[in-house]
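Numbering (the working numbering), first residue to last: 66 to 472.
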């Protein structure tokens, strides 16, 4: 390995579920330490406690950690490791650090932990190994955790094991009880201490006693479920598409609720890989042409429509709008046109001609869709990429309608 020595933060825990308290602690510790990379490591079988009845599976806790990592907003790369879940037996920190030292032989490792963990560190398995392999960064988990709380343990660890210890304060301290969180979820509440996308994952997987009927979700919960399936960087686009689609529906006499639902879900399978997309197509009997079978960008519209109908109980009109939002088609419905053009020119989009499109769409919907199709085809040809036949058919149909109306 070449290059400078990096400082790597290591934050482990049960994360059952991972919540805003964990996320605030991770952000604060990373900033205070100036780490170059953060590793989130969900426990496999924690040695210090039994997992509560009704806890999430290791796989679900890992996936929630991945969602939270994507939303963390840390100023360094964040990676979620299954290093403890893939190792048999109890998850001892000394074993994890040995493995990480082999993976990062030249880097500076720092173990992040809250008050309770720090104050009992001398009772863990091989504390001398832990202190030799990593620095210890401890942070308060409640407003009452001041310097006096940490000082005796800091002194003990230095004297016994030569530990490097850094005590930090967290300006955005969030006090959260995982036990209370799980109880609130089981009672049908939506806790503020859960990131929206993590909450959506919990609803989708029906974790912690949640029993949401996915076909009868309110808008906030539908958004949470949709956002849990995509990357954080995509959320502003989906939000912008939703707001634009609703405005256009009101302008052109379509059902605003249908437009909202279609926009919320239109990209829900955007980040599935080709194998996952094709598997869903097989599951739901989606027929593909030769171009679609090998073009990942085209598949998410079809699989997204299937998920919208099968899992969220959306109407045929909504599913059809999602199905054709990427390619368009000849003789599109009003809702299909609205979603197609809202997706293309929502407020976060930035390309030559978009302002013209935004002005045109409120005067003449067909003209705006026609222009959007023309711009798409021109762009695809500029890249040397093939244009889907349904896109060509959509443009041809609208041009013929234009001539008929002018004629």
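All residues carry an ideal CB built from backbone N, CA and C; glycine is no exception.
{"Query": "May I ask which residues mark the beginning and end of the alpha helix (DSSP H) holding residue 166?", "Result": "158–168"}
{"Query": "Where DSSP assigns a beta bridge to residue 76, which residues make up the other side?", "Result": "105, 177"}
{"Query": "Measuring CB atoms only, is the region 100–114 touching the region 67–83, in the sense that at least three cross pairs come out at less than 8 Å?", "Result": "yes"}
{"Query": "Indicate whether the contact test is met: 3 or more Cβ pairs, each with one atom in the region 326–344 and one in the region 281–299, closer than 8 Å.", "Result": "yes"}
{"Query": "Between the alpha carbons of residue 235 and residue 94, how many angstroms are there, rounded?", "Result": "7 Å"}
{"Query": "On a CA-only basis, which of 79, 465, 89, 446 is nearest residue 258? Give me that one, please.", "Result": "89"}
{"Query": "Count the CB pairs spanning the region 452–462 and the region 385–400 that are closer than 8 Å, and state whether there are at least three.", "Result": "yes"}
{"Query": "Three Cβ pairs or more, each shorter than 8 Å: is that satisfied between the region 187–203 and the region 150–167?", "Result": "yes"}
{"Query": "Compare the C-alpha of residue 266 against each of 105, 130, 451 and name the closest.", "Result": "130"}
{"Query": "Between residue 343 and chain D, is there a C-beta pair that is closer than 8 Å?", "Result": "No chain D appears in the structure shown, which is made up of a single protein chain."}
{"Query": "Less than 7 Å separating the Cβ of residue 198 from some heavy atom of the ligand PLP?", "Result": "The ligand PLP is not part of the structure shown, which contains no ligands of any sort."}
{"Query": "Judging by CA-CA distance, which residue of 205, 354, 452 is the nearest neighbour of residue 181?", "Result": "205"}
{"Query": "Using the C-alpha atoms, what's the distance from residue 345 back to residue 435?", "Result": "31 Å"}
{"Query": "When burial is assigned at 16 or more other CB atoms within 10 Å of the CB, is residue 359 buried or exposed?", "Result": "exposed"}
{"Query": "If you measure between the beta carbons of residue 117 and residue 244, is that distance less than 8 Å?", "Result": "yes"}
{"Query": "To the nearest angstrom, how far is it from the Cα of residue 347 to the Cα of residue 177?", "Result": "45 Å"}
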